[in-house]
Each structure stands twice: as structure tokens, then as C-alpha cells.
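Order-wise, the sequence lines are chains H and A. With the working numbering applied, the first sequence covers 10 to 834. With the working numbering applied, the second sequence covers 89 to 379. Glycine included, every Cβ here is placed at the ideal spot set by N, Cα and C.
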Amino acid sequence: MTTKLMGQPVQRVEDQRFLRGGGRYVDDVLAGSASDTGQQVLHAAVLRSPHAHARIVDIDVDAVLDLDGVHAVWTYEDLAGLSAPMADPLPLLIPHPALTHGRTQYALARHEVNYAGEAVAFVVADDRYVAEDALARIHVSYEVLPPVVGIEAARAAEHLVHDDPDDPAGPVPGNVGARLEQSTGDAAAAVAAAPHRLALDLEVERSACTPLEGRGTVARWDPDTDRLQVWTSTQSSTGVRAAVAVKLGLDLGQVDVVTPDVGGGFGVKINHPWPEELLVPLAARALGRPVKFTEDRREHFVSSAHERAQVQHVEVGFDDDGRLLGLDVTFWHDHGAYTPYGLIVPIITSTQLLGPYKPEVYRVVFESLYTNTVMVTPYRGAGRPQGCFAMERTIDAIAAYLGKDRAEVRAVNFIQPDEFPFDQGLIFQDGRELEYDSGDYPQMLEKIKALVGWDEFPAFRAEMAEQGRRVGIGLACYVEGTGVGPYEGAHVHIETTGKVKVATGLTTQGQGHATVFAQLVADELGVRFEDVEVVTGDTRRMPYAVGTFASRAAVMSGSAIHLAAKRAKEKVLRIAADALEADPADLQIVDGVVSVKGSPGAALDLGTVSVLSNPLRYAFDEASKAATQFSVGDPGKPPVAEDDEPGLEGRDFYSPERATFASGMHAVIVETDPDTAEVKILKYAVVHDCGHLINPMIVEGQIHGGVAQGVGGALYERMAYDESGQLLNASFMDFLMPYVSEVPDGIDIDHLETPSPLNPLGIKGAGEAGVIPSAAVFAAAIEDAERIPITAMPISPSELFELRRTHDRPVVEPAETPHPPKETP
Amino acid sequence: MKPAPFAYRRPATLPEALELLAAEPDAKVLAGGQSLVPLLSMRLAAPGLLVDLNSLPDLGEINVAPDGVRVGALVRHADLLASAEARRVQPLLAMALAHVAHATIRNRGTTVGSIVHADASAEMPAVLSLLGGSVTAESASGSRTIPAGELFVGPLESSLRPDEVATSAFFPALPPDTGVGFDEVARRHGDYALCGVAAQVRVVDGAVAAASAGYLSVADVPTVVDLTEALGGAVTDASLAAAGEAALEHLDPAADIHATAAYRAQLVRVLTARVLRAAYADATTEGGSEA
Numbered sequence: 010m011t012t013k014l015m016g017q018p019v020q021r022v023e024d025q026r027f028l029r030g031g032g033r034y035v036d037d038v039l040a041g042s043a044s045d046t047g048q049q050v051l052h053a054a055v056l057r058s059p060h061a062h063a064r065i066v067d068i069d070v071d072a073v074l075d076l077d078g079v080h081a082v083w084t085y086e087d088l089a090g091l092s093a094p095m096a097d098p099l100p101l102l103i104p105h106p107a108l109t110h111g112r113t114q115y116a117l118a119r120h121e122v123n124y125a126g127e128a129v130a131f132v133v134a135d136d137r138y139v140a141e142d143a144l145a146r147i148h149v150s151y152e153v154l155p156p157v158v159g160i161e162a163a164r165a166a167e168h169l170v171h172d173d174p175d176d177p178a179g180p181v182p183g184n185v186g187a188r189l190e191q192s193t194g195d196a197a198a199a200v201a202a203a204p205h206r207l208a209l210d211l212e213v214e215r216s217a218c219t220p221l222e223g224r225g226t227v228a229r230w231d232p233d234t235d236r237l238q239v240w241t242s243t244q245s246s247t248g249v250r251a252a253v254a255v256k257l258g259l260d261l262g263q264v265d266v267v268t269p270d271v272g273g274g275f276g277v278k279i280n281h282p283w284p285e286e287l288l289v290p291l292a293a294r295a296l297g298r299p300v301k302f303t304e305d306r307r308e309h310f311v312s313s314a315h316e317r318a319q320v321q322h323v324e325v326g327f328d329d330d331g332r333l334l335g336l337d338v339t340f341w342h343d344h345g346a347y348t349p350y351g352l353i354v355p356i357i358t359s360t361q362l363l364g365p366y367k368p369e370v371y372r373v374v375f376e377s378l379y380t381n382t383v384m385v386t387p388y389r390g391a392g393r394p395q396g397c398f399a400m401e402r403t404i405d406a407i408a409a410y411l412g413k414d415r416a417e418v419r420a421v422n423f424i425q426p427d428e429f430p431f432d433q434g435l436i437f438q439d440g441r442e443l444e445y446d447s448g449d450y451p452q453m454l455e456k457i458k459a460l461v462g463w464d465e466f467p468a469f470r471a472e473m474a475e476q477g478r479r480v481g482i483g484l485a486c487y488v489e490g491t492g493v494g495p496y497e498g499a500h501v502h503i504e505t506t507g508k509v510k511v512a513t514g515l516t517t518q519g520q521g522h523a524t525v526f527a528q529l530v531a532d533e534l535g536v537r538f539e540d541v542e543v544v545t546g547d548t549r550r551m552p553y554a555v556g557t558f559a560s561r562a563a564v565m566s567g568s569a570i571h572l573a574a575k576r577a578k579e580k581v582l583r584i585a586a587d588a589l590e591a592d593p594a595d596l597q598i599v600d601g602v603v604s605v606k607g608s609p610g611a612a613l614d615l616g617t618v619s620v621l622s623n624p625l626r627y628a629f630d631e632a633s634k635a636a637t638q639f640s641v642g643d644p645g646k647p648p649v650a651e652d653d654e655p656g657l658e659g660r661d662f663y664s665p666e667r668a669t670f671a672s673g674m675h676a677v678i679v680e681t682d683p684d685t686a687e688v689k690i691l692k693y694a695v696v697h698d699c700g701h702l703i704n705p706m707i708v709e710g711q712i713h714g715g716v717a718q719g720v721g722g723a724l725y726e727r728m729a730y731d732e733s734g735q736l737l738n739a740s741f742m743d744f745l746m747p748y749v750s751e752v753p754d755g756i757d758i759d760h761l762e763t764p765s766p767l768n769p770l771g772i773k774g775a776g777e778a779g780v781i782p783s784a785a786v787f788a789a790a791i792e793d794a795e796r797i798p799i800t801a802m803p804i805s806p807s808e809l810f811e812l813r814r815t816h817d818r819p820v821v822e823p824a825e826t827p828h829p830p831k832e833t834p
Numbered sequence: 089m090k091p092a093p094f095a096y097r098r099p100a101t102l103p104e105a106l107e108l109l110a111a112e113p114d115a116k117v118l119a120g121g122q123s124l125v126p127l128l129s130m131r132l133a134a135p136g137l138l139v140d141l142n143s144l145p146d147l148g149e150i151n152v153a154p155d156g157v158r159v160g161a162l163v164r165h166a167d168l169l170a171s172a173e174a175r176r177v178q179p180l181l182a183m184a185l186a187h188v189a190h191a192t193i194r195n196r197g198t199t200v201g202s203i204v205h206a207d208a209s210a211e212m213p214a215v216l217s218l219l220g221g222s223v224t225a226e227s228a229s230g231s232r233t234i235p236a237g238e239l240f241v242g243p244l245e246s247s248l249r250p251d252e253v254a255t256s257a258f259f260p261a262l263p264p265d266t267g268v269g270f271d272e273v274a275r276r277h278g279d280y281a282l283c284g285v286a287a288q289v290r291v292v293d294g295a296v297a298a299a300s301a302g303y304l305s306v307a308d309v310p311t312v313v314d315l316t317e318a319l320g321g322a323v324t325d326a327s328l329a330a331a332g333e334a335a336l337e338h339l340d341p342a343a344d345i346h347a348t349a350a351y352r353a354q355l356v357r358v359l360t361a362r363v364l365r366a367a368y369a370d371a372t373t374e375g376g377s378e379a
């Protein structure tokens, strides 16, 4: 019997290719030589606004026209003539009733620019060098307007981001795009009635996904067939396809979108269509030549998307044990200049803030605010890191106030294993109830305490103090809604060679889908892992799909693939049973051979079954000859029966009622340098529950990557905007993405598997988990080392040094208890 | 991020290179390109002509003599870092070079190029200044030696003329009874330092006879401060603290997106003490830096 691959650390089939330079990314498409139409690819470049807020008075492109090698130069005024829908703003992908003032940008700015980096003009030239020469010759006259930068300025609303008198959508009063409140009761009253009360003011700064491959799009128009082929670095090829069709006035059937290898997404590539994803196909059609746009690093910083910035105010009431009696949270979310991705991020913050806890009464209200900065769309974690930060800082403050162990205060607030499914009484980001399906938080807490050495830490701290070293420990817990709908589909095709071709529509940006999905198919069909090939993100192979985000690929496509393989298997068994004159229940499939259990002579391989499934009158291969010894079907009926189809295929879709909730706990031990305030990570521990593991090695890889990004977000990265709205660190020199030298040498990982009852495999998502508790856990550990309240993240050595000065904390031994937070008057 | 158009020449002899530079005032010299190429790509520099030195003979040599180390214009940081001979004569070179960016950049970037780029955040200008080294510059009109003290005139500004090529740098040998040290604090491994300190201390009969330190990232130009008086002959907590304060009188730590001025001043204090202590230990250790 073949070993089950589910749960095995199967080596990634992708890695040989990636590690040997065989990856094929968008910029590799139609690279170098003339394409097969004999035409060299043209290259596009975008002129971007140097101002954060300005009216466009005039654009003069005359100086570009006499530059050799330029094929097109377009501004907003040109768009309607190329395709009428291009004159409208870009789509607002996810509307919400609370988003009363949603705004999206135009593919090229119309009257006004609202962030430094907004697209103003588009040039197509022989190569990118000439295209950039052309950009330098475009003269734009701007009337500079006062910019709104940061949450404080947005709230003050002294100036408005959107008050363009020519904007048909009208102004946005108070810079407030949306206000949304949810509650499970009268939280203010519950706080007021509680024996103890605390108030916290917290802040999280901006960071960004920063995938190593930026955005990129290639398009080729085929005039012979009236079809458009697009390659783009996206997290939703079906989404881009639909957007391109609508905006170019094409039928969906005329547009194919293929997503080749993607060098990281982390959320930023789920937003679509980017202006360039429309302008490149438009140019390919207009010019009759293939066109390519490959974004550079600076463009990615100033014109894609950021996340994370929030200011939070927490009021909490609790009893002597630290039990949460009332939790009243208000926060302000900086969504940048536009809202193409709706309210997903702040809704996730407001709901996932609760983590594994069950406050008696909870109320949350947020305002989503416009600023003249790069727009905000989901970045790995998607609002959860901020929610986790608010909740975990609150629990730590309660523990400090009561003089209790921080783990103990968490434990008294946990949802218990026998309480699932647990309804938090809120509406989640997918519009469904926030109902946790499964988990075991008390057991998880015991595991993380053991893994990090929680109970032994006081002795370690004392030992370090004797050497003049300062250490601290932090703990943070989270729950993550993963695998949101609406659906994904899969197509499984067993060819006459016996090889299995699998297609699912969502895209891949390095997760290892080709490996884990093949594991599932190999298990279900009884074929060799090597004989399964998985294709993702190609609308020609699977036109119905949603996308890769929200830790949903394994849950959604994994389940769909499992179901599709099951259907294929049913057909295999039906045909083989007919051919072998056996009962389907007596058949087994092992290593691609169907046989009758207990009688090894009666067997045929899957390739033969595939031939038999398709009553073709021509024979081409050995499998066809081999099949001639069998006969299937009822000679009294048509060759393809009424309720049947030719071919050995299975196709199915998975559409869950609601999200499945993964969970985890992180703990970190840090050392802070008493002199330089540098923070060193001594130990990082993770306990993680994503239900059944398909491939533990890949799950651990996801955790490693998430922790690395989390270290960046907690200790290194920020978007340094000045008051005029210029991003001062738009390069990898000054945006401090951690190197391998900055992330922990080792991460201790332990798993817990509480299966999800919502899908056939019992799995939950794992992609984002590693990054969610980082800000919270580092703040806790640094606070523990320094005995100074840490209320804003990220934190740099310079900021920690300044905090020490503010709190008048020179080099001294740590006190017994942390600095107590202020009690609400 | 593609450069504006420029002409490119790769001369085979130094006179030919010097002629090109004399004829074209808008030319730039290319050696390792670790600073120039990004500047070109971001269109922050748009010279009309690039004169690539990489085919010139003899400029790739490291000449180690008892009085010091002469480093040719095409010597990569990695080659100098790997030179045991150079390390023996002047151990500060390797100590500082280990902090210059990352291995891949050190494989391509040149030490002389880094010096004449005159970045006050770079390690090797500070080292050259501390050691009292010099740069040899050639032009069509002749050759001259520029002492480090006259080389660095402002932020990213050297006294090298546009028609000159810096053909080598000279780092004096470690004098007798002397120890050296280097340390810096950067946000990430290999980043430009928030503050860096190189120091040399001469010890006679256990007492500090002379001490000086070179500072990077805390002034507009690499800055050397004589700390002999501040130390008062001894290395103690108090004298090291005094040395830090004395150094700050000559420095001008500035705020940027990575650090406040006060934090940089703190690093001056901390690193001055650490590096002077290390240099003192180096001077008093049997066998010195070779140990």
C-alpha cells in the first residue's frame, strides 16, 4: 500500500527550478528576442506625481514626440478615446454599506493627484531606457495643495484629501471614508461597572509587503483571433481577466490571463487592476505590438500599497482575576489616498482583535481615514497584527496592574475547548458570523510555556542580571480566520499516459502549491506523486477562481482538488469495474494501477482506464492498444451514455459556510543593550494550530517567513513620510527589511492539530500566521526587559533610548514589576 | 531606474584615461561602481562620459612595506580584507573592512573608490584619516599626493579634481607600542553605521602616551579627535567617559530617519569607550594584533 502523503514533509517540487534559476517570472515572458510575431516587445514606463497633493494644471508632452523610439505617450485625456470605460475611476473591488465615501484613482490622474507616486502619464518605447528618457521630457504644471499626512492630521481635518471641485463624487468631509461600529452589548456600562478599569493609547506604524518581485504585466494582442493574452504578477488572475475585459470593452472569452511564477505577493498583488494592468493591454491592442511593464523598486514603494498604520484607544474593565468584563475599543485606520479594497483591513482588526478570548461585552468602532499617502490594502496578517497588538497589550497591562502572571490572565479569558463552535457575536470580513469552528487554547498555552521556558525565565533573568545583562520575555496569542469563501474549483484530468493534470484557478506566489496539491491528489487517486502536475492561475485551464489571499489556498483549492480527485476516482472505479467485471467496492488503486483486491492478476493501469473512458475511433498510443483487450459500456446504448462525458476527469468546487479559525501563540526572549538600546533576539518560540497539516515542512516554512516579516515590522520597518507627504525611505537602503542576520537563527516550533469540521481534510490556513503576533510579542518582551510601557510599534534602538530618557531609566537592575499603566479616572 | 544616456570608454593605459578626463569635463571615473551605478540608475548623476578604469594595468596591486600599505585603485575591499600581509602591517584595515557593507559588495567595490567618494558614513575614509594616510592622484598635468587631512572637504566632496584619477591610497603601518580598535552600530548588519569609531592608542609602561579616534556618521566629514589629554594617561571608566565627552565637542551628530541626534551622541560615548578599551588591550597584549 502506498504511504499516505498527507502529513508528510514532502520535498517541494518547485525548488529545483527556483534554486537553479529556472523560475519564470513576468519579466522573463517574451524576454530578449523578438516574439513569435517577429516583433520586439515594447516597454512601458509611468510618470508619477512628485507631489502628495496637487491639482494638475497642464501636461505638456510635446518634447517627447521628437524622441526616437517612443511609440505612445498618454495622459488621462487620451484614455476615453482608447476605450470608453478607461475614463472612469478604477473599480472599488469590495464595497461595504459603511464605506459611505469610497474613492478610487483613475488609471492616469484626471484633475488631481492625491499621493506622491500616483500615475500621471504613460509612455511606451523601444526599451525602458528610452521610456524613462521620455518621462524626463514630459512637463506637468501642478498647483500644489496642502497635504494630509498621518492619522492625527487626517482626524484634525484642517485640510481635506478629497475636496476637488471637479470631482463628480464630491468631497469627503472630515477625511472619513467609513465609520463602523459593532458590539455585543453596552461595553461602556460594563467597563464602568467593573471592579478595575484601565485605559490604553496605542499606535502601530506603516509597513508594506515588499515582495522581491514587484508588479509587472505583459500583454500581446492577436489580431488574427481578436484575442488578448496577458501575463501579470497577481494574486488573482481571474480578477485581472474580468477587469481587463470590462475596461477594454472586450468579451471575457477574448481575454486569457496567465500568472507565471510570482516572486512574492504577501497581499499587495491581490489589489487589482493596477493602472498598469489595464494600460499595458490597452497599449498592446492599440499599437499591435507586445508591451511589457516591469516596475522598479522605487515605484513599488511609492505606487503600490502599504498597511498597518492605526491609532487605538482601549478601555477595559476586569475583575480581580483579570477576567475581561467589558472591552471598549476605538481605533483610527489610515487607509491612504484611495479605498479600492474597501474596509477589509479595519474590519479584520475590529473582529480578530478578540483572539482566543471571550470578553463578556465588547464594542468596537473605527474610522477609516484618508491621507495623502500610498493607499492601504491587505498585507500578510491584514489588520490582525494591529488587533492582536491592542488585545495583547491590554492583557499585559491588566496583568501588570493586578501583579499577576501574564500567562495566567490569558488563561482565565480563554474560550474553552468544549465551547466550540463559539460565536463571538460579530460579523466577520466575509459578511458571515464570526464563529470559531475549533481550537484548544489552554493546551496551546501549556505548550508555548514549555517551549519557551516561561516558568524558568525568572531564574534566567536573575542569572543574566548578575552579568549586567538585561532580558525580557513576551507572549502573544492570536486567532486567525482563514480559508474564506466564496469558492475555489479544481479540474483533475487523468491522461492516457496515466499522468494526472490538475488545474486550480488561484495563483501561486511561492507557497508550494504544486507540492501540497499533488500530495492530496496522489493520496486520493492512488497515483505516484511524480505523476501529478499542478497548474495554478491560468484562466485557460480554470476560469472560475477567486484568488490567493486570506490564508485560503490550502483550505479552498486543497478541498476543491480533493473533491475533484474523488470524482475522478469514482469514474476510474466505475469504468475499471466494468472492464474487469468486478464490483467497484472490490477495487483498489495503488501506484496508478487499478486491481481487484486479493486477485493481483485482474488489473489495468489508469492510462488504460483513460483510453476506455473516451470512445475515440482513432488509436494513437500503446495505451490505446492495451485497452483493446477490455470492453466497457452497454452495447445497447450510445458510446457516451446520456448521463456521462468522455474522458477521465473530475471537476468540483468547494464553497464553505464560513471561515475556519486557525490559532497560535508566540513567545520571545529578548536582550536589550543597556548602553546602545539595541534589541537582540535570544529565543523565539511558536505553537501553531492549522488543523491537519498537509506538509509540516511547508507549514514551518510559512511560519519562518512570517516571523521574519514580523521581526521586520516590529523592530526595523516603517514608512518614513515627511510632513509634505514625501516617502523618505523608498529604497532597500533605508527601508530596513531585515536580512538573514537580523532574524532569529532558530525558531522553535510545536504544532497542535485541532481539525476543522468545515472541510473534508480538516485543515485551516497557515500563510499569514507567523506575522500576526510580532508587534505584540516584541512589545511585551521589551517592556518586560526595560520596565517601560511600550505602546507604539515598531521600535528602533533610537526610540528605545529616547523612551529611557523620557522615563528617566538609566542603567539599573530591572524592578520587580513593570511600570503600572494609568487607571481610568 | 535606468540611467540617462552616456558615452563609455575603457582605456587600456593610464595616460589614455587621463587624456579622456582632461578632454571631457563632464566625465566620471568607474572602478567598482558600488556608489556610481545606483546614482546613475536613479538619475541622480548623469555624466556625459564614463571612463572605466578596469582595464588599466598595475592598479590592482596591494604593496605592503614596513612603513605601510599602498592600495591600488582597482583593489577590491575583499582582496584587501583577505591580505594577511596588509593585516600584519596595519591591523585596523581588516577590522574596519569587515564592516564595509556585505561580501558581495566588498567583492566588487574598491577601497580607493570608497575613499574618494568621500562619504562621511563610510569606514575607510575615517580609517585613512585616523592613520594620517594619503591618496595619490594623477592627471594629464602630473601627479600629487593628497594627505587625508586635505582630502575630505565636505559631504560627498573630496579635493580631487574632475580631471584626476586617484591611483592609490597609502595607509601608514602600525607604530610600535600601539594598538587599534574598530566598532560601529548599524541598524542591520552591513548597513551604513549610525555611528562608527576607529581608534589607536599608544601605551608606554602601561600608561596611555597617545590616543586618537576617527569617527564616521557623526559629522559632515570623517573626523579625527585627539583624546590623549581626555584620557589622562589611563583607561578607566571615568577617563573613557571623559574621552567620549571630549570627542563630542568636535562632532556634530545629526538626526535622520534612523536615529535622533541624542542617540547618535550616546553611541559616540559608548563606542568611544568600547573602542579605546579594545585598542588599549590590543596595545598591551603580547604579540599585539597578530595574536
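Legend entry - N- and C-terminal bounds of the alpha helix (DSSP H) containing H:Q452: 450 to 461
Legend entry - Three-way DSSP call (helix, strand, coil) for H:M674 in this model: strand
Legend entry - H:E751 versus A:R276: straight-line alpha-carbon distance, rounded: 7 Å
Inset, instruction - Tell me, please, whether the CB atom of H:K278 is closer than 7 Å to any CB atom in chain A? - result: no
Legend entry - Whole-angstrom distance between H:A96 and H:D176, CA atom to CA atom: 13 Å
Legend entry - For H:Y8, the residue or residues it bridges with in DSSP: This structure does not reach residue 8 of chain H, given that chain H is present from 10 up to 834, and the question cannot be answered.
Legend entry - Distance, A:Y351 Cα to H:T800 Cα: 20 Å
Legend entry - H:T226 versus H:V249, H:R26, H:A459, H:R813, residue with shortest Cα-Cα distance: H:V249
Inset, instruction - Kindly say whether A:S377, judged by its beta-carbon, lies nearer than 7 Å to any beta-carbon of chain H. - result: Annotation note: pLDDT 47 at A:S377 (below 50); position unreliable, coordinate value reported separately. Not one chain H Cβ lies under 7 Å of A:S377.
Inset, instruction - Give a yes or no on whether 7 Å exceeds the smallest Cβ distance from H:T815 to chain A. - result: no
Inset, instruction - Spatial neighbours of H:G273 within its chain, please: CB distance less than 7 Å, with the 5 preceding and 5 following residues excluded, ordered by chain position. - result: P220, L221, E222, Q518, G519
Legend entry - At least three beta-carbon pairs within less than 8 Å, the region 284 to 303 of chain H to the region 233 to 252 of chain H: yes
Inset, instruction - Specify the secondary structure class of H:T669 as computed by DSSP and reduced to three states. - result: strand
Legend entry - As assigned by DSSP and simplified to three states, the class of A:Y368: helix
Legend entry - Separation of H:E533 from H:S640, as counted between CA atoms: 26 Å
Inset, instruction - Indicate, with yes or no, if the ligand HEM has a heavy atom lying under 6 Å from the CB of H:R796. - result: The ligand HEM is absent from the structure shown, which contains no ligand whatsoever.
Legend entry - CB contact check: H:T226 to chain A, cutoff 7 Å: no
Inset, instruction - Report the rounded CA-to-CA distance for H:M10 versus H:E504, giving the unit in angstroms. - result: Confidence in H:M10 is poor, its pLDDT being 44 and thus under 50, which makes the residue's placement too unreliable to answer from.
Inset, instruction - Give the residues of chain A in contact with H:A729, contact being defined as C-beta atoms less than 8 Å apart. - result: I345
Inset, instruction - Have a look at H:R389 and H:E777 and give me their C-alpha separation to the nearest angstrom. - result: 5 Å
Legend entry - Option nearest H:D37 by Cα separation, candidates H:Y85, H:V22, H:T303: H:T303
Legend entry - Top-ranked residue by Cα proximity to H:S783, from H:R626, H:L812, H:G392: H:G392
Inset, instruction - Ignore the nearest five residues each way along the sequence and tell me which others in A:V292's own chain have a CB closer than 7 Å to its CB. - result: D265
Legend entry - Against chain B: residues of the region 129 to 147 of chain H by CB proximity under 7 Å: No chain B is present in this structure, whose protein chains are H and A.
Inset, instruction - Since I believe A:A174 is in contact with A:L85 (beta carbons under 8 Å), could you give me their beta-carbon distance rounded to a whole number of angstroms? - result: Only positions 89 to 379 of chain A appear in the structure, and residue 85 of chain A is not among them; the question remains open.
Inset, instruction - In the DSSP assignment, find the alpha helix (DSSP H) that holds A:R196 and state where it starts and stops. - result: 191 to 196
Inset, instruction - Tell me A:E226's beta-bridge partners as DSSP assigns them. - result: A:S231, A:V253
Legend entry - Whether H:A163 touches H:A61 by CB criterion (7 Å): no
Inset, instruction - Excluding the 5 residues preceding and the 5 following H:D698 in the sequence, name in chain order all residues of the same chain whose CB lies nearer than 8 Å to its CB. - result: G448, D449, M453, A671, S672, G673, H760, L761, E762, T763, K773
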